[in-house]
Amino acid sequence: EFQKEHDRTCMQCDKYCEPGSCVDHEGCNQCKPGYYRSRRDLFWPFLCVQCSAVIPGCEVCEDGVFDQQPPICLACSNGKPPVDGTCLA
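Next comes the structure, spelled out in structure tokens:
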């Protein structure tokens, strides 16, 4: 597990990070395939449930995440959609 520094909540490294790539207070140095590390110190896992067969990117995101352009899955830890691809406090 690692602890997110901004709010002291814990996340499971082995679920989202490649083995040996978890750093406390930082999260994944290398994410597992299908996961994405966000900008602005909000280390939140993003999962694409179904990739697009037409364009590179995601067609269906995991529940609770938002579709962005280009088509990736992005969610903010506060549950709000990102603004210009960045999570706001």
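Residue numbers (my numbering): 23 to 111.
Built from N, CA and C at the ideal position, the CB exists for glycine as well.
query                                                                                             : result
Alpha-carbon to alpha-carbon, V45 and P55                                                         : 18 Å
Rounded separation between C39 and V71 - CA only                                                  : 17 Å
Per DSSP, cross-strand counterpart(s) of V105                                                     : T108
Counted within 10 angstroms of its Cβ, other Cβ atoms place C98 as buried (16 or more) or exposed : buried
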